[in-house]
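Protein chains in written order, with full-length UniProt numbering: chain S, 1 to 425; chain X, 1 to 254.
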Amino acid sequence: QFTNQGMLMFAKCKLIDIVYSWSRSTKSLPVMGSDHTSGVVSFPPLQTYSEEESMMKDAVKKYAQERIAPFVSKMDENSAMDEEVIKSLFEQGLMGIEIDPEYGGTGSSFFASILVIEELAKVDPSVSVLCDIQNTLINVLFTKLGTPAQKEKYLSHLSTDMIGSFCLSEAESGSDAFALKTRAEKHKDFYVINGSKMWISNAEHAGVFLVMANVNPSGYRGITCFIVDRETEGLEIGRKENKLGLRASSTCPVNFDNVKVPESNILGEIGHGYKYAIGMLNEGRIGIAAQMVGLAQGCFDHTVPYTRQRVQFGKRIFDFQGMQHQIAHVATQIEAARLLTYNAARLKEAGRPFIKEACMAKYFSAEVATLTTSKCIEWMGGVGFTKDYPIEKYYRDCKIGTIYEGTTNIQLSTMAKFIDKEFEQ
Amino acid sequence: MSGRVLVGVKRVIDYAVKIRVKPDHSGVVTDGVKHSMNPFCEIAVEEAVKLKEKKLMKEVVVVSCGPQQSQETIRTALAMGADRGIHVEVSGKDYETLGPLQVSKILAALAKKEDAQLIILGKQAIDDDCNQTGQMTAALLDWPQGTFASEVSLEKDGIKVVREIDGGLETIKISTPAVLTADLRLNTPRYATLPNIMKAKKKKIANVKPADLGVDLTSRLEVLRVDEPPQRQAGMKVETVDDLVSKLKDAGKV
Numbered sequence: 001q002f003t004n005q006g007m008l009m010f011a012k013c014k015l016i017d018i019v020y021s022w023s024r025s026t027k028s029l030p031v032m033g034s035d036h037t038s039g040v041v042s043f044p045p046l047q048t049y050s051e052e053e054s055m056m057k058d059a060v061k062k063y064a065q066e067r068i069a070p071f072v073s074k075m076d077e078n079s080a081m082d083e084e085v086i087k088s089l090f091e092q093g094l095m096g097i098e099i100d101p102e103y104g105g106t107g108s109s110f111f112a113s114i115l116v117i118e119e120l121a122k123v124d125p126s127v128s129v130l131c132d133i134q135n136t137l138i139n140v141l142f143t144k145l146g147t148p149a150q151k152e153k154y155l156s157h158l159s160t161d162m163i164g165s166f167c168l169s170e171a172e173s174g175s176d177a178f179a180l181k182t183r184a185e186k187h188k189d190f191y192v193i194n195g196s197k198m199w200i201s202n203a204e205h206a207g208v209f210l211v212m213a214n215v216n217p218s219g220y221r222g223i224t225c226f227i228v229d230r231e232t233e234g235l236e237i238g239r240k241e242n243k244l245g246l247r248a249s250s251t252c253p254v255n256f257d258n259v260k261v262p263e264s265n266i267l268g269e270i271g272h273g274y275k276y277a278i279g280m281l282n283e284g285r286i287g288i289a290a291q292m293v294g295l296a297q298g299c300f301d302h303t304v305p306y307t308r309q310r311v312q313f314g315k316r317i318f319d320f321q322g323m324q325h326q327i328a329h330v331a332t333q334i335e336a337a338r339l340l341t342y343n344a345a346r347l348k349e350a351g352r353p354f355i356k357e358a359c360m361a362k363y364f365s366a367e368v369a370t371l372t373t374s375k376c377i378e379w380m381g382g383v384g385f386t387k388d389y390p391i392e393k394y395y396r397d398c399k400i401g402t403i404y405e406g407t408t409n410i411q412l413s414t415m416a417k418f419i420d421k422e423f424e425q
Numbered sequence: 001m002s003g004r005v006l007v008g009v010k011r012v013i014d015y016a017v018k019i020r021v022k023p024d025h026s027g028v029v030t031d032g033v034k035h036s037m038n039p040f041c042e043i044a045v046e047e048a049v050k051l052k053e054k055k056l057m058k059e060v061v062v063v064s065c066g067p068q069q070s071q072e073t074i075r076t077a078l079a080m081g082a083d084r085g086i087h088v089e090v091s092g093k094d095y096e097t098l099g100p101l102q103v104s105k106i107l108a109a110l111a112k113k114e115d116a117q118l119i120i121l122g123k124q125a126i127d128d129d130c131n132q133t134g135q136m137t138a139a140l141l142d143w144p145q146g147t148f149a150s151e152v153s154l155e156k157d158g159i160k161v162v163r164e165i166d167g168g169l170e171t172i173k174i175s176t177p178a179v180l181t182a183d184l185r186l187n188t189p190r191y192a193t194l195p196n197i198m199k200a201k202k203k204k205i206a207n208v209k210p211a212d213l214g215v216d217l218t219s220r221l222e223v224l225r226v227d228e229p230p231q232r233q234a235g236m237k238v239e240t241v242d243d244l245v246s247k248l249k250d251a252g253k254v
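Shown next, in the form of structure tokens:
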């Protein structure tokens, strides 16, 4: 959304002008006036939303409570996403938030996506991740790299009725993503893909797969992004994993057995796949951070009312100082995680460097989700341990946060690289 | 039949909020409390938008009387499919004493100004439960009214309205122009989808003052005191019917 020209102009502006020439989405933010007597300009807090972002947040909150909440428990037990839920996600415009209305999308901002992901995660982190992958990975890749023909063919479906999957990881390459072995052999005007991808989210329902395959096995500079339709011969979706958490989100191996793909199905340029993947994952991790924040908040919101009702030793368990201190501590952590996430999102929208901050947001939010859910089970006591209450699901769902889209260790190493550079003389 | 529908929407305290009475008993606490569109008004908007989608009406104009924040309520209606909004600015003391009489005068004036064929309102607001605005508006305009509507169908020679009444359901036919008030079972309001929220940004909301419509906002009512409902007393268990009768006699109930 932010053009190169825009970024140059941006750099030339004075500090005050920066506030007013912020990205398209923040233009409609309530701009705090300057105090004319002292000449001090006040900036809006991070939790400031434009009118449309605010309306979207409320709309999604209501929709999630009424149309998703009733299905959550069943979807978790059956390890399957309800078709009605998927359909309603498209109907509400939640699967094409940043896609241009020309292609049937909502035409809103990255921050709006973040708010939607957070609100959905409060109710069901599995539904949230489906929405997150579609918006922050699949749609962005097509929008940024697609040729007019590719955009025409895919974007209008991605916003209205088709789910996409992103295929990078393999059995032998997770964190070491670019040691991937899936090959793409060039023939006249088509490629033949062979290999196996693993841990592919949304695979059960996806209509299109973005597959990272290597055209030149002697290094990672051959990694290329291919668009592969589900019905392509040789593409086989393996059996769904039986997971600890995020069970309603399908995670499957995807096998490619001599899958023929025309040259016109290359997304972007040959050999640039690794660069695209890294770029998208930098943005995707802000989405995961939002998911973890929503998860933590949703779990917290279910638990505190219980502590205010449950009476032991003649008073509410909330009234015990030990409990109050724990609850306040967790609330602080969630707030901090939210602010890291919102800030990373606004930085990205403003076209400013955001990778270190995005890593911080994802790393911290995943840790906070783990802390929050663990504590919430304790605060609920015995009932927290049963499936009759929603708390234990949040506890199981949070764990993947420290693992997928870049493990905590990878996030920390990435941050350290930035810190090292900052201190370079 | 083609034309303009005027829909009134009211910004009220959200139905899920726990209401608290102000310490001075002059009213309820509204500061910092979540507000949203009156649920019956949502049903009214939905019905109007449905009529437009069926091409039975050409334009849906949504109106709200109140302070700045009423514009949010209008925006929500626009996101549901209304075409444009009119915000009648009423704030401060005038807003505190604003009631069905003044609102119906405003709506009547707007209906004439906008040349409306149909006015759809919620049957009542969940904050004051007055259930008067629709009826008063119809009287002021000398239009027929179809209140407590649970089903509405536009026909060549009028509007057929199925009304929910104490005895069951009553079906009437009224001529247009007319006023309808929506009851709970009329329809299920749609969610504002994200694309529609974006589209709503471009729709116009006009600003109007009650004085411009020649409406006097003076209230004929004065609220003396607001109290919470009395606390529910604890019940008592009795073993026999005789016991029950004697207890009732003691309490002076029999």
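Glycine is no exception: its CB is placed at the ideal position from the N, C-alpha and C atoms.
Quick one: does residue 22 (chain S) have its CB under 8 Å from some CB of chain X? The residue you call residue 22 (chain S) lines up with position 22 of the first sequence. For residue 22 (chain S), the predicted model reports a pLDDT of 37, less than 50, meaning its position is unreliable; a value from the coordinates is still stated below. Not an interface residue.
Is it the case that the Cβ atoms of residue 104 (chain X) and residue 87 (chain X) are separated by a distance below 8 Å? Here the question's residue 104 (chain X) lines up with position 104 in the second sequence. Here the question's residue 87 (chain X) lines up with position 87 in the second sequence. Not a contact, by the Cβ cut-off of 8 Å.
Run the CB neighbour count on residue 183 (chain X), radius 10 Å, all protein chains shown included, and call it buried at 16 or more, exposed below. Taking the first residue of the second sequence as position 1, residue 183 (chain X) is located at position 183. It counts as buried.
Pick from S:178, S:134 and S:323: whose alpha carbon is nearest that of residue 215 (chain S)? Walking along the first sequence from the start, residue 215 (chain S) turns up at place 215. Nearest of S:178, S:134 and S:323 to residue 215 (chain S), Cα basis: S:178.
Going by DSSP, which residues form a beta bridge with residue 121 (chain X)? Looking up residue 121 (chain X) in the second sequence gives position 121. Residue 121 (chain X) is bridged to X:181.
Cut-off 6 Å between Cβ atoms - residues of its own chain near residue 99 (chain S), not counting five sequence neighbours on either side: As a first step, residue 99 (chain S) is located in the first sequence; it is residue number 99 there, counting from the start. So the qualifying residues of the chain are 105, 139, 155 and 159.
Helix or strand or just coil, what does DSSP make of residue 92 (chain S)? Position 92 of the first sequence holds residue 92 (chain S). In the structure shown, residue 92 (chain S) adopts coil according to DSSP, grouped into three states.
Could I get the ranges of all uninterrupted alpha helix (DSSP H) runs contained in the segment 335-407 of chain S, with 4 residues as the minimum, in chain order? 355-380 and 391-398
Compare the beta carbon distance of residue 136 (chain S) and residue 287 (chain S) with 8 Å and say whether it is the shorter of the two. Counting from 1 along the first sequence, the entry for residue 136 (chain S) is found at position 136. Counting from 1 along the first sequence, the entry for residue 287 (chain S) is found at position 287. Yes; because the gap between Cβ atoms is below 8 Å, this pair is in contact.
Are the segment 292-306 of chain S and the segment 367-383 of chain S in contact at 8 Å, needing three or more beta carbon pairs? yes
Can you tell me where the beta strand (DSSP E) holding residue 212 (chain S) begins and where it ends? Within the first sequence, the letter at position 212 stands for residue 212 (chain S). First-last of the beta strand (DSSP E) with residue 212 (chain S): 206-214.
Determine, for residue 80 (chain X), whether the minimum Cβ-Cβ distance to residues of chain S falls below 8 Å. As a working note, residue 80 (chain X) is residue 80 in the second sequence. No - not a single Cβ of chain S is within 8 Å of the one on residue 80 (chain X).
Using the C-alpha atoms, what's the distance from residue 147 (chain S) back to residue 58 (chain S)? Locating residue 58 (chain S) in the first sequence gives position 58, where the first residue counts as 1. Locating residue 147 (chain S) in the first sequence gives position 147, where the first residue counts as 1. Rounded to whole angstroms, residue 58 (chain S) to residue 147 (chain S) spans 35 Å at the Cα level.
Grab me the residues of residue 238 (chain X)'s own chain with a C-beta within less than 7 Å of its C-beta, minus the 5 sequence neighbours each way, in chain order. Residue 238 (chain X) sits at position 238 when you count from the first residue of the second sequence. Hits under 7 Å: 244 and 247.
With distances taken between CB atoms, is the gap from residue 490 (chain S) to residue 230 (chain S) smaller than 8 Å? What is shown of chain S runs 1 to 425, which leaves residue 490 (chain S) out entirely.
With distances taken between CB atoms, is the gap from residue 123 (chain S) to residue 69 (chain S) smaller than 8 Å? Mapped onto the first sequence, residue 123 (chain S) falls at position 123. Mapped onto the first sequence, residue 69 (chain S) falls at position 69. In contact: residue 123 (chain S) and residue 69 (chain S) (Cβ atoms closer than 8 Å).
For residue 25 (chain X), name the three-state secondary structure that DSSP assigns. Along the second sequence, one-based indexing puts residue 25 (chain X) at 25. Correct three-state label for residue 25 (chain X): coil.
How about residue 82 (chain X) and residue 45 (chain X): do their beta carbons lie closer than 8 Å? The residue labelled residue 82 (chain X) in the question sits at position 82 within the second sequence. The residue labelled residue 45 (chain X) in the question sits at position 45 within the second sequence. The answer is yes: Cβ separation under 8 Å.
How about the segment 247-263 of chain S and the segment 319-339 of chain S: do they share at least three Cβ pairs that are nearer than 8 Å? no
List, in chain order, every chain X residue whose beta-carbon is nearer than 8 Å to that of residue 70 (chain S). Here residue 70 (chain S) corresponds to residue number 70 of the first sequence, with the count starting at 1. The premise fails here: residue 70 (chain S) is roughly 15 Å from chain X at the closest Cβ pair, so nothing lies under 8 Å.
What does the Cβ neighbour count give for residue 76 (chain X), buried or exposed, with the cut at 16 atoms within 10 Å? Along the second sequence, read from residue 1 onward, the residue named residue 76 (chain X) stands at position 76. Flag for residue 76 (chain X) reads buried.
First through last residue of the beta strand (DSSP E) which encompasses residue 243 (chain X): Numbered from 1 along the second sequence, position 243 holds the residue referred to as residue 243 (chain X). Note, residue 243 (chain X): premise wrong, no beta strand (DSSP E); alpha helix (DSSP H) at 241-250.
By Cβ distance below 7 Å, which residues in the same chain neighbour residue 39 (chain X) in space, the five residues on each side in sequence not counted? Translated into the one-based positions of the second sequence, residue 39 (chain X) becomes position 39. Closer than 7 Å at the Cβ level, and outside the excluded window around residue 39 (chain X), lie 15 and 126.
Determine whether the Cβ of residue 55 (chain S) lies closer than 8 Å to any Cβ atom of chain X. Along the first sequence, read from residue 1 onward, the residue named residue 55 (chain S) stands at position 55. For residue 55 (chain S), the answer is yes, since a Cβ of chain X falls inside 8 Å of its Cβ.
What is the residue span of the beta strand (DSSP E) that residue 258 (chain S) lies within? Translated into the one-based positions of the first sequence, residue 258 (chain S) becomes position 258. 251-262 is the extent of the beta strand (DSSP E) around residue 258 (chain S).
Interface residues of chain S around residue 180 (chain X) at Cβ under 8 Å? Translated into positions along the second sequence, residue 180 (chain X) becomes position 180. Correct list: empty, because the minimum Cβ distance to chain S is about 25 Å.
Please state whether DSSP places residue 174 (chain X) in a helix, a strand or coil. For the purposes of this step, residue 174 (chain X) is taken as residue 174 along the second sequence, with counting starting at 1. Reduced to three states, the DSSP call for residue 174 (chain X) is strand.
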